[in-house]
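*Asks:* Here it is, the structure in full.
Chains as they are written, first to last, in the working numbering: chain A, 25 to 257; chain B, 577 to 847.
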C-alpha cells in the first residue's frame with residue numbers, strides 16, 4: 025500500500041499552571057543568613073532537596089555579582105533556586121534564574137512526615153478466609169497469600185492465590201496456587217473432584233488426575249517441573 | 577408481612593413457570609393472598625400456564641414505565657379469588673425493565689399481597705437479576721442432572737451477592753426444589769441422586785416433584801397442577817412444598833417407583 029502521511033504542523037500550546045514554592049528572604053549580612061540555613065540543614069539534611077525555592081531579594085540590595093554568588097552558595101548546599109523576585113530585571117544575568125512577579129502567599133502544608141508511618145502501621149493480611157461455599161461462576165483472586173475455604177468450591181468456580189489453597193470441602197472447580205511464581209505453594213482439599221489444578225503455571229486437568237484419588241482428601245505440590253497429587257491420609 | 581419469593585434456576589426448561597403457578601395456587605388455596613409475577617419479558621408463559629392469556633391488557637412493563645396503574649395490570653384468577661397474575665409483555669424485551677421501576681412495583685405489590693412470586697426467566701442476565709433483586713426468599717428449581725445442578729449453583733452465588741438483601745448484609749432464604757424426578761431412572765442410577773444434589777448445592781430441600789404426565793396435562797389446559805388434579809403425585813408434592821414455605825414441618829416424601837398391578841404380578845420393572 026502506498027500511503028503517505030502529510031507532515032502536519034504541530035501547534036505549540038501554551039498553558040498556565042501555578043505551583044507552591046518555598047520563599048527564602050535573605051537579610052544582611054548574607055554570611056550569617058547562610059549560617060542559619062546551614063543550621064537548618066544540620067537538623068534535617070536534605071530538607072530542601074528537590075523542593076522549588078524562590079529567592080525574595082526585596083529586603084536586601086545586592087549587585088549582579090553578589091546575586092550570582094548567593095545563588096552559587098545555595099547550589100553548593102543542594103538548594104536549587106527556581107526564580108528570583110524583588111529585584112530589577114537588569115541585575116539578573118542570562119545564566120541566573122528568571123525574575124518572578126505576582127507571587128501570592130499561601131500556607132505550606134507539610135504532609136510528608138505525617139503520611140509516612142501510616143502504610144507501615146497496617147500490614148496487609150497475608151491470608152484470605154472464605155466461610156461460605158464458592159459457587160459456580162465465582163472467581164476468588166488473592167495474590168497476597170493463602171486462601172482458605174470453609175466449604176466446597178463448585179464446578180465452574182475458580183480460586184487464584186499467590187500462596188497455597190486450603191479447601192475444607194469438595195473441590196469441583198479450578199484451583200490455581202502460587203500464581204506469582206511461588207513454586208512452594210500447595211493445594212489441599214478434603215475431597216478432590218477438581219476440573220483443574222495449577223501451581224506456579226504447571227497444571228493438570230481433570231482427565232489427568234488419577235481416578236483412584238477422586239473423592240478423597242488430597243494435596244498437590246510441585247516436585248521440580250512435575251505436579252504431584254497424593255492422598256492426604 | 578409480605579414475602580417476595582423468586583422462582584429461579586439459571587437453566588431453561590427445568591420447570592420454573594410450572595412451579596411458580598403450582599406453588600402460587602397452592603399458597604392461595606390455603607388462604608394466602610398471592611400474586612404471581614412473570615419476569616420473562618418477551619417470552620412470557622405464565623399467563624398460558626395460569627389460563628389467563630386471553631385477558632391480558634396491561635403488563636409489568638406498562639406498570640414499570642408508569643403507562644398503566646398496577647390494579648389495571650393485575651388479573652384475578654377465575655378459580656381462586658385471592659390468586660392474581662401480573663403478566664409480562666410479549667412485545668418488549670428485558671431491557672425495558674429498570675431496577676428502580678421493578679423496586680417500585682414490588683413495593684406496591686407488598687402492600688397488597690402476602691406472597692409475591694416472581695417467575696424468573698432463564699439465564700443470568702438483566703431479566704433474571706431483576707427478578708431476584710428484591711427477593712426475601714428463593715426457590716431454586718433443579719432437575720436431577722449435572723448441567724442443571726451447576727447452573728443452580730451459579731444462581732445461588734448470585735442470590736448471595738446481587739440481591740438487595742445480600743448488599744445489605746442480610747441473607748436471602750434459599751430452598752432447592754427438585755423437579756422432573758423420575759423414580760424409575762433414579763433406581764437405575766441414570767440420574768443424579770438427591771443426596772448428591774444437596775451436597776453440591778449445600779442448600780436445604782423444599783420438595784421433590786416427580787416427573788408426571790399430570791404436569792403436562794395441567795399446562796395444556798392452562799391450570800396450575802395443584803388446581804387441576806390436587807390428588808396427583810406432583811400436585812401433592814407442590815402442596816407439601818407450599819406448606820413448608822409457610823413454615824410448617826412436613827415429612828419429605830421421595831417419590832418411589834410405582835408398579836402397576838400387572839407389573840407386580842409378573843415381576844416386571846416399569847420402564
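Glycine included, every Cβ here is placed at the ideal spot set by N, Cα and C.
Would you mind working out which of A/47, A/169 and A/61 sits nearest residue 53 of chain A, comparing C-alpha positions?
*Replies:* Position 29 of the first chain, counted from the first residue, corresponds to residue 53 of chain A. The option with the nearest alpha carbon to residue 53 of chain A is A/61.
*Asks:* Would you check if there are 3 or more beta carbon pairs closer than 8 Å linking the segment 145-152 of chain A to the segment 162-178 of chain A?
*Replies:* yes
*Asks:* Which residue marks the beginning of the alpha helix (DSSP H) containing residue 593 of chain B, and which one marks its end?
*Replies:* As a working note, residue 593 of chain B is residue 17 in the second chain. That run of the alpha helix (DSSP H) goes 592-605.
*Asks:* Return the first residue and the last residue of the alpha helix (DSSP H) that residue 773 of chain B is part of.
*Replies:* Taking the second chain and counting its residues from 1, the one referred to as residue 773 of chain B is at position 197. Where residue 773 of chain B is concerned, the enclosing alpha helix (DSSP H) starts and stops at 770-777.
*Asks:* Among the candidates B/830, B/804, B/829 and B/826, whose CA atom is the shortest distance from the CA of residue 605 of chain B?
*Replies:* By 1-based counting over the second chain, the position of residue 605 of chain B is 29. Per the Cα distances, B/804.
*Asks:* Please name the residues in the segment 151-165 of chain A whose beta-carbon is closer than 9 Å to at least one beta-carbon of chain B, in chain order.
*Replies:* 156, 157, 158, 159, 160, 161 and 162
*Asks:* Work out the CA separation of residue 777 of chain B and residue 209 of chain A for me, nearest whole Å.
*Replies:* Within the first chain, residue 209 of chain A is the residue found at index 185, counting from 1. Within the second chain, residue 777 of chain B is the residue found at index 201, counting from 1. Roughly 29 Å separates the two Cα atoms.
*Asks:* With a Cβ-Cβ cutoff of 9 Å, do residue 600 of chain B and residue 759 of chain B count as a contact?
*Replies:* For this step, residue 600 of chain B is matched to residue 24 along the second chain. For this step, residue 759 of chain B is matched to residue 183 along the second chain. Going by C-beta atoms, residue 600 of chain B is not nearer than 9 Å to residue 759 of chain B.
*Asks:* Look up residue 185 of chain A in the DSSP assignment and give the residues it is bridged to.
*Replies:* Sequence index remark: in the first chain, residue 185 of chain A carries index 161 (1-based). Listed as beta-bridge partners of residue 185 of chain A by DSSP are A/166.
*Asks:* For residue 588 of chain B, decide whether its Cβ has a neighbour in chain A, counting only Cβ atoms nearer than 9 Å.
*Replies:* If you number the second chain from 1, residue 588 of chain B lands on position 12. Not one chain A Cβ lies under 9 Å of residue 588 of chain B.
*Asks:* Using only the alpha-carbon positions, how far apart do residue 185 of chain A and residue 238 of chain A sit?
*Replies:* To locate residue 185 of chain A, count along the first chain from 1; it is residue 161. To locate residue 238 of chain A, count along the first chain from 1; it is residue 214. Computed Cα separation, rounded: 23 Å.
*Asks:* Taking only beta-carbon atoms, is residue 746 of chain B less than 9 Å away from chain A?
*Replies:* The sequence position of residue 746 of chain B within the second chain is 170, counting from 1. Answer no: the Cβ-Cβ gap between residue 746 of chain B and chain A never drops below 9 Å.
*Asks:* Give the secondary structure of residue 757 of chain B by DSSP, where H, G and I count as helix, E and B as strand, and everything else as coil.
*Replies:* Position 181 of the second chain, counting from 1, holds the residue named residue 757 of chain B. Three-state result, residue 757 of chain B: strand.
*Asks:* Starting from residue 848 of chain B, trace the alpha helix (DSSP H) both ways and give me its first and last residue.
*Replies:* Only positions 577 to 847 of chain B appear in the structure, and residue 848 of chain B is not among them; the question remains open.
*Asks:* Does DSSP classify residue 724 of chain B as helix, strand or coil?
*Replies:* Position 148 of the second chain, counted from the first residue, corresponds to residue 724 of chain B. In the three-state reduction of the DSSP assignment, residue 724 of chain B falls in the helix class.
*Asks:* Check whether the Cβ of residue 229 of chain A lies closer than 9 Å to any Cβ atom in chain B.
*Replies:* Against the first chain, residue 229 of chain A aligns to sequence position 205. By this cut-off, residue 229 of chain A is not an interface position.
*Asks:* Do you know how far the Cα of residue 71 of chain A is from the Cα of residue 125 of chain A?
*Replies:* Mapped onto the first chain, residue 125 of chain A falls at position 101. Mapped onto the first chain, residue 71 of chain A falls at position 47. Distance between residue 125 of chain A and residue 71 of chain A, taken at the CA atoms: about 25 Å.
*Asks:* Could you tell me whether any Cβ in chain A is nearer than 9 Å to the Cβ of residue 767 of chain B?
*Replies:* Translated into the one-based positions of the second chain, residue 767 of chain B becomes position 191. Residue-level contact check: residue 767 of chain B does not touch chain A, since none of the beta carbons of chain A fall below 9 Å from its beta carbon.
*Asks:* Quick one: which residues of the segment 177-191 of chain A get their C-beta closer than 7 Å to a C-beta of chain B? List them in chain order.
*Replies:* Residues of the segment 177-191 of chain A that bring their beta carbon within less than 7 Å of a beta carbon in chain B comprise 178, 179 and 180, in sequence order.
*Asks:* With 8 Å as the C-beta to C-beta threshold (strictly closer), list the residues of the segment 754-779 of chain B near chain A in chain order.
*Replies:* 775, 776 and 778
*Asks:* Please list the residues of the segment 690-715 of chain B that have a C-beta atom closer than 7 Å to any C-beta atom in chain A, keeping them in chain order.
*Replies:* Of all residues in the segment 690-715 of chain B, none has a Cβ within less than 7 Å of some Cβ in chain A.
*Asks:* Please tell me whether residue 585 of chain B and residue 716 of chain B are closer than 9 Å, where the distance is taken between their beta carbons.
*Replies:* On the second chain, residue 585 of chain B is found 9 positions in, with the first residue counted as 1. On the second chain, residue 716 of chain B is found 140 positions in, with the first residue counted as 1. It is a contact, given that the beta carbons lie within the stated cut-off.
*Asks:* Can you list the residues of chain A that residue 653 of chain B reaches, using a CB-CB cut of under 9 Å?
*Replies:* Along the second chain, read from residue 1 onward, the residue named residue 653 of chain B stands at position 77. By Cβ distance, chain A contributes nothing, its closest Cβ being about 36 Å from residue 653 of chain B, past 9 Å.
*Asks:* Determine the direct distance from the alpha carbon of residue 146 of chain A to that of residue 138 of chain A, and round the result to whole angstroms.
*Replies:* In the first chain, counting from the first residue as 1, residue 138 of chain A sits at position 114. In the first chain, counting from the first residue as 1, residue 146 of chain A sits at position 122. Reliability of the predicted coordinates at residue 138 of chain A is poor, the pLDDT of 49 falling under 50, and the value obtained from them is presented with this limitation in mind. So the two alpha carbons sit approximately 15 Å from each other.
*Asks:* Would you say residue 726 of chain B lies against chain A (beta-carbon separation less than 9 Å)?
*Replies:* Locating residue 726 of chain B in the second chain gives position 150, where the first residue counts as 1. So, interface residue.
*Asks:* Any idea if residue 756 of chain B is buried or exposed, counting beta-carbon neighbours within 10 angstroms, 16 or more meaning buried?
*Replies:* Counting from one through the second chain, the residue named residue 756 of chain B turns up at place 180. Under the 10 Å beta carbon count, residue 756 of chain B is surrounded by 16 or more other beta carbons and is classified as buried.
*Asks:* Would DSSP call residue 729 of chain B helix, strand or coil?
*Replies:* Residue 729 of chain B sits at position 153 when you count from the first residue of the second chain. Helix, per DSSP.
*Asks:* Assuming residue 681 of chain B and residue 639 of chain B form a contact by the criterion Cβ under 8 Å, report the distance between their Cβ atoms to the nearest whole angstrom.
*Replies:* Residue 681 of chain B sits at position 105 when you count from the first residue of the second chain. Residue 639 of chain B sits at position 63 when you count from the first residue of the second chain. The Cβ separation is near 5 Å, so the contact holds.
*Asks:* Run through chain A and tell me which residues come within less than 9 Å of residue 730 of chain B, C-beta to C-beta.
*Replies:* Indexing the second chain from 1 puts residue 730 of chain B at position 154. Correct list: 159, 160, 161, 162, 178, 180 and 181.
*Asks:* Just verifying my parser: in three-state terms, what is the DSSP assignment at residue 231 of chain A?
*Replies:* Along the first chain, one-based indexing puts residue 231 of chain A at 207. Correct three-state label for residue 231 of chain A: helix.
*Asks:* How do the segment 635-650 of chain B and the segment 680-698 of chain B stand: do at least 3 beta-carbon pairs fall below 8 Å, yes or no?
*Replies:* yes
*Asks:* Buried or exposed for residue 190 of chain A, please, with buried defined as at least 16 other CB atoms from any protein chain shown within 10 angstroms of its CB.
*Replies:* Position 166 of the first chain, counting from 1, holds the residue named residue 190 of chain A. The residue is buried, with at least 16 neighbouring Cβ atoms inside 10 Å.
*Asks:* Using only CA atoms, which one of A/42, A/207, A/214 and A/215 lies nearest to residue 222 of chain A?
*Replies:* As a working note, residue 222 of chain A is residue 198 in the first chain. When each option's Cα is compared against that of residue 222 of chain A, the closest is A/207.
*Asks:* How is residue 226 of chain A classed by DSSP in three states: helix, strand or coil?
*Replies:* Walking along the first chain from the start, residue 226 of chain A turns up at place 202. Strand at residue 226 of chain A.
*Asks:* For chain A, check one thing: does any of its Cβ atoms lie closer than 9 Å to the Cβ of residue 717 of chain B?
*Replies:* On the second chain, residue 717 of chain B is found 141 positions in, with the first residue counted as 1. For residue 717 of chain B, the nearest beta carbon of chain A is not closer than 9 Å to its own beta carbon.
*Asks:* Taking residue 560 of chain B as the query, report the chain A residues whose CB atoms sit under 9 Å from its CB, ordered along the chain.
*Replies:* Within the shown structure, residues of chain B are numbered from 577 to 847, placing residue 560 of chain B beyond reach of any answer.
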